[in-house]
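Protein chains in written order, with this note's numbering: chain U, 76 to 250; chain G, -4 to 195.
This report concerns only the one structure given below.
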Amino acid sequence: MNVSDFAVPVIFIFVLIYALCKKTDVFAEFTKGVKEGLHTVYDIFPALFALVLSVGMFRASGGLALISGLLAPVTSFLGFPSEVAPLVIMRPFSGSGSVAIFESVLGETGADSFAGRVASVILGSSETTFYVIAVYFAATKVRKTRHALPAALAGDVTLLILSGLVVRLLFYSRG
Amino acid sequence: MMKWVFAGLIFFSLVFGVIGGDVAAVSDAALSEAANAVTLCLTLCGVICLWSGIMRVAQMSGLVEVLAKAFKPVLIRLFKGINPNGKAIGYIVLNITANLLGLGNASTPFGIAAMRELEKEESTGESASNNMVIFVVINTASLQLIPTTAAAIRLKHGSAAPMEILPAVWICSLAAVIVAVTMAKILSVKSGKPGKKVQK
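Set out below in structure tokens:
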């Protein structure tokens, strides 16, 4: 029993009780939301399909292992598993791409392994940095993003270094 | 950009397959991964539908606005000189609340509206204002309460506790946001006043 077991049910109950008090038709709105969810899946399916396919082929050819092997000196210096290196490279550029690599990493190492957990933390606490910067500034007349990219990357590097450390601390430090 | 990633991955998988002498594995992967892509999408479909159902209820009942109002006093301190009653800060808090709740579909439109309002409020011409940079950096660092995609894929791969990563995710994303915003503040001094032309 810990906080992570409670997070999801507590959010659900809280939202439902609040909505009922506000006289929202929770069933009608929930089902409308599910429909929107289906549209989201419909929209992401083609890109996800293409990337799961190409990443899967690349893994089968030994390509992912090659990249991980080449970057092993860097990753071991930072204290995180080399299998995660391809995910780190893809993450800032493409959402579907990183989901595809994440899927491939978990297939290789298992979800509850050290590499699987670090990969989960990286996917769960980062964004497609370059894409977000491009989309948000594209809405304005701004052409010089000044220090946006360096500051954003500083955050990403922090996450990268911390992910291995925090997973080690929370999962492997007992006893 | 994605066309090169896609074509490059397939091209090099063939090259490595030939060099490694195992083209059959690559060919098998093409078929099995096509099936796997569908399975993955179905796995994600479940969690995405569940989450967007519950979050639609949160949105329609007005809960998102209430939470946004609660976060406003904290967030307003990050944005120096912003109009505390303006439209920009309104969209900023809605965007960050939506991000926190994992409302991907809602957060981007709020974010874009926030950027446009920031531009109107503190027009700095062709270069980004300090507040724009801070806002964008909060978004790239991703603050999300429940990492639903990661959890769903963990479940697919037989994780005993898909949500066990939550505390680690919270610690890491909070640290990343703090570093990113701090860097944005520090670098804003170094990169000169916005609006002035950058000298080369």
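Ideal Cβ placement from N, Cα and C applies to all residues, glycine included.
Considering S114(U), what are the terminal residues of the alpha helix (DSSP H) in which it resides? On the first sequence, position 39 is the one that residue 114(U) refers to. Strictly speaking, residue 114(U) in this sequence is His, with Ser absent from that position. 101 to 135 is the span of the alpha helix (DSSP H), which, as asked, contains H114(U).
How big is the Cα-Cα spacing for A156(G) and V164(G)? In the second sequence, the residue the question calls residue 156(G) occupies position 161. In the second sequence, the residue the question calls residue 164(G) occupies position 169. Going from the Cα of A156(G) to the Cα of V164(G) covers about 14 Å.
Under 7 Å between C-beta atoms of L59(U) and A175(U): Coverage of chain U is limited to positions 76 through 250, which leaves residue 59(U) absent and any answer about it impossible.
Excluding the 5 residues flanking V180(U) on each side, which residues of the same chain have their C-beta closer than 8 Å to its C-beta?
As a first step, residue 180(U) is located in the first sequence; it is residue number 105 there, counting from the start. Around V180(U): E158, V159, P161, L162, A190, G191, A194.
- prompt: How many angstroms separate the CA atom of S27(G) from the CA atom of V196(U)?
  reply: The residue labelled residue 27(G) in the question sits at position 32 within the second sequence. The residue labelled residue 196(U) in the question sits at position 121 within the first sequence. Each residue's Cα considered, the two are about 27 Å apart.
Next item on the list: Entirely within the segment 24 to 81 of chain G and at least 4 residues each: give me those alpha helix (DSSP H) ranges in chain order.
Entry: 58 to 71
Tell me the rounded alpha-carbon separation between C167(G) and S200(U). Within the second sequence, numbered from 1, the residue matching residue 167(G) stands at position 172. Within the first sequence, numbered from 1, the residue matching residue 200(U) stands at position 125. Straight-line Cα distance between these residues: approximately 7 Å.
*asked:* Run through chain U and tell me which residues come within less than 8 Å of E114(G), C-beta to C-beta.
replied: Position 119 of the second sequence, counted from the first residue, corresponds to residue 114(G). Ordered by position in chain U, the residues that pass the 8 Å Cβ test against E114(G) are T215, K216, V217.
request  = With DSSP as the reference, please indicate the residues paired to K219(U) in a beta bridge.
outcome  = Residue numbering aside, residue 219(U) sits at position 144 when the first sequence is read from its first letter. Looking at the DSSP assignment, K219(U) forms a beta bridge with S122(G).
So what's F155(U) in DSSP terms, helix, strand or just coil?
For the purposes of this step, residue 155(U) is identified with residue 80 of the first sequence, where counting begins at 1. Coil at F155(U), not helix or strand.
- [ ] With distances taken Cα to Cα, identify the nearest neighbour of D17(G) among R134(U), E183(U), L95(U), D80(U).
- [x] Within the second sequence, the letter at position 22 stands for residue 17(G). Ranking the options by Cα distance to D17(G), first place goes to R134(U).
Nearest to L141(U) by CA position, among V172(G), I71(G), F7(G), is which residue?
Taking the first residue of the first sequence as 1, we reach residue 141(U) at position 66. Of V172(G), I71(G), F7(G), the residue nearest in Cα terms is F7(G).
Beta-carbon contacts of Y86(G) that lie in its chain and below 7 Å, excluding the five residues immediately before and after
What you label residue 86(G) is simply residue 91 of the second sequence in a count that begins at 1. Once the five neighbours on either side are set aside, the close Cβ partners of Y86(G) are F105, A108, A109, E112.
- Message: Taking the alpha carbon of T115(U) as the reference point, which residue from E114(G), M178(G), G15(G), A101(G) has its own alpha carbon closest?
- Response: Within the first sequence, numbered from 1, the residue matching residue 115(U) stands at position 40. Of E114(G), M178(G), G15(G), A101(G), the residue nearest in Cα terms is A101(G).
Between the segment 172 to 195 of chain U and chain G, which residues of the former have CB atoms less than 7 Å from a CB of the latter, in chain order?
G172, V174, F177, E178, L181, G182, G185, A186, D187, R192, S195
* Asked: With respect to the alpha helix (DSSP H) encompassing L4(G), which residues constitute its N-terminal and C-terminal limits?
  -> By one-based count along the second sequence, residue 4(G) stands at place 9. Residues -3 to 15.
Would F251(U) count as contacting chain G if we go by Cβ distances under 7 Å?
Residue numbering for chain U in the displayed model covers 76 to 250; residue 251(U) lies beyond these limits and cannot be assessed.
### 8 Å CB neighbourhood of A24(G) in its chain, flanking five on each side removed
The count along the second sequence starts at 1 and reaches residue 24(G) at position 29. If we look at A24(G) and ignore the five residues flanking it on each side, its Cβ neighbours are S8.
Using a C-beta to C-beta distance shorter than 7 Å, which residues of chain G count as neighbours of V130(U)? Against the first sequence, residue 130(U) aligns to sequence position 55. Near V130(U) (Cβ distances below 7 Å), the residues of chain G are L4.
- prompt: Can you find a C-beta in chain U that's less than 7 Å from the C-beta of K192(G)?
  reply: Taking the second sequence and counting its residues from 1, one reaches residue 192(G) at position 197. Because K192(G) carries a pLDDT of 45, less than 50, the predicted location of this residue cannot be relied on, and no value is offered for it.
Query raised in the report: When DSSP labels each residue in this structure, what does A117(G) get in the three-state scheme?
Result: By one-based count along the second sequence, residue 117(G) stands at place 122. Just to set this straight, residue 117(G) is Glu in the shown sequence, not Ala. In the structure shown, E117(G) sits in coil (DSSP, three-state: anything other than H, G, I, E or B).
Residue-chain proximity (T220(U), chain G), Cβ-Cβ < 7 Å
Residue 220(U) sits at position 145 when you count from the first residue of the first sequence. At least one chain G Cβ lies under 7 Å of T220(U).
_Rounding to the nearest angstrom, what Cα-Cα distance links T203(U) and I14(G) in this structure?_
Residue 203(U) sits at position 128 when you count from the first residue of the first sequence. Residue 14(G) sits at position 19 when you count from the first residue of the second sequence. About 33 Å.
Could you name the residues of the segment 43 to 75 of chain G whose beta carbon sits closer than 9 Å to any beta carbon of chain U, in the order they occur along the chain? I43, C44, L45, W46, S47, G48, I49, M50, R51, V52, A53, Q54, M55, S56, G57, L58, V61
| said: Please list the terminal residues of the continuous alpha helix (DSSP H) segment that includes Y211(U). | reply: Counting from one through the first sequence, the residue named residue 211(U) turns up at place 136. Run containing Y211(U): 204 to 213, per the alpha helix (DSSP H) assignment.
Between N94(G), T34(G), A170(G), A179(G), which has its C-alpha nearest Q54(G)'s C-alpha? Position 59 of the second sequence, counting from 1, holds the residue named residue 54(G). Out of N94(G), T34(G), A170(G), A179(G), N94(G) has the C-alpha closest to the C-alpha of Q54(G).
Of the choices L128(U), V149(U), G138(U), E111(U), whose alpha-carbon is the least far from that of R51(G)? Within the second sequence, residue 51(G) is the residue found at index 56, counting from 1. Closest by alpha carbon: E111(U).
*What does I208(U) reach in chain G if we use C-beta pairs closer than 7 Å?*
For the purposes of this step, residue 208(U) is identified with residue 133 of the first sequence, where counting begins at 1. Those are V131, T135, listed as they occur along chain G.
Quick check on G57(G): buried or exposed, where buried means 16 or more other Cβ atoms within 10 Å of its Cβ? Stepping through the second sequence from its first residue, residue 57(G) is reached at position 62. By the 10 Å Cβ count, G57(G) comes out exposed.
Requested in this report: Could you spell out where the alpha helix (DSSP H) holding K180(G) opens and where it closes?
Outcome: Working through the second sequence from its first residue, we reach residue 180(G) at position 185. Its alpha helix (DSSP H) spans residues 161 to 185.
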